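Numbering (numbering that gives the first Met the number 0), first residue to last: 0 to 289.
Glycine included, each C-beta is placed from N, C-alpha and C at the ideal position.
Owing to the predicted nature of the structure, the values given are computational and were not obtained by experimental measurement.
Notes for the one structure printed next.
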Amino acid sequence: MSRGLGDVYKRQIICSYIANGYIKLSSYAPYQACWKCDSIKNKVKWKKETTMNNNPIGVFDSGIGGLSVLRQIIKLLPNEKYIYYADTDNVPYGLKTKEQILEYVENAIDFLNSKKVKAIVVACNTATSVAIKDVRHDYNIPIIGIEPAIKPAIENRKNKKVLLMATPVTVKGEKIKDLIQKLEANDIVELIAMPKLVEFAERGEFNTERVKEYIRESLERFNLEEYSYLVLGCTHFPYFKTTLKEILPDSICIIDGSIGVAERLKEVLEENKILGSCLLYTSDAADDMQ
């Protein structure tokens with residue numbers, strides 16, 4: 000049976016997507032179906048022995064906060080598979096001891112390793128602050144942590160201050176102090192611990208009067224007109240962006256570190272040659288795929 004113009008047109012669209020990097024060819028035989036298309040002959044250099052690592056990526060947090068990070072990762076890396084682990088038995092991490100947090104993180108990584116993940120994202124600022132150095136040393140797998148987006152806030156602050164909102168453990172931790180010191184921003188960045196926001200988030204309470212009252216009372220000691228950026232240093236906090244915008248002056252920008260994590264994950268996957276793929280199949284006869 001001959002193929003109509005519609006089939007040819009579909010093939011051209013698929014080839015165009017591959018040529019421009021929207022989808023990637025796998026190492027399976029059906030990739031040959033696209034070699035006829037001149038638009039990709041010079042752009043795609045493919046070896047039959049090439050392999051792609053299609054194991055899942057593990058993402059974990061103490062609860063639902065890391066889902067805000069996973070959302071950004073999926074936007075940037077839609078061809079990957081994911082396993083999300085929420086340590087809801089131990090949420091919130093921000094009120095636990097360092098020893099407890101390290102144990103929770105190790106347990107989470109052990110669980111994700113049992114699922115044969117190829118990389119792990121610690122989608123929790125508190126866990127990153129306390130445990131990232133230890134687990135990178137102890138585990139033979141790429142592990143990406145999350146840091147508050149202080150650097151872009153400082154770079155664009157317009158001579159105003161930056162306010163970092165995080166959990167008590169992150170605020171008191173050496174990692175955040177070292178980051179601020181490295182950026183020479185001790186006189187620019189001020190910190191505030193907001194532990195109850197994690198509890199509100201886990202209850203699905205984001206815009207109630209209780210939430211608004213807690214935020215207003217916590218921010219009372221700050222002259223908010225002196226600040227140009229609010230950096231959200233906990234992955235639970237982006238759920239409160241709408242509420243925060245109602246309370247903060249319009250001149251304050253709210254940012255978090257989830258986009259930076261997604262971009263760093265992509266870099267690590269490319270560096271280790273374990274970027275996932277989208278499998279492409281066609282219905283063409285085998286002898287027509289040369």
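Alpha helix (DSSP H) runs wholly inside the stretch 199 to 273, at least 4 long, in chain order: 208 to 218, 240 to 246, 257 to 270
Delimiting residues of the alpha helix (DSSP H) encompassing D60: For D60, there is no enclosing alpha helix (DSSP H); the residue is found in the beta strand (DSSP E) stretching over 56 to 60.
CB contact below 9 Å: I131 versus chain D: Chain labels in this structure do not include chain D; a single protein chain is all it has.
Within 9 Å, strictly: CB atoms of A118 and L264: yes
Cβ-Cβ distance between N174 and V129 below 9 Å: Looking at the sequence shown, residue 174 is not Asn but Lys. Yes, the Cβ-Cβ distance between K174 and V129 is below 9 Å.
Complete runs of the beta strand (DSSP E) confined to the stretch 86 to 137 [at least 3 residues]: 118 to 121
Cα-Cα separation between V260 and T166, rounded to whole angstroms: In this model, V260 and T166 are separated by some 19 Å (Cα to Cα).
Per DSSP, the bridge partner or partners of I149: DSSP, once it has assigned bridges, lists no residue as partnering I149.
Cα-Cα separation, I258 to K195: 24 Å
Buried versus exposed, by CB contacts within 10 Å (16 or more), D137: exposed
Alpha-carbon spacing of P248 relative to I273, whole angstroms: 44 Å
Nonlocal neighbours in the same chain, by C-beta distance under 6 Å from K157, ignoring five residues either side: For K157, the CB contacts under 6 Å within the same chain, skipping 5 residues up- and downstream, are S227 in chain order.
Cβ neighbour criterion (16 or more within 10 Å) applied to Y84: buried
CA nearest to the CA of I142, picked from L178, E105, A200: E105
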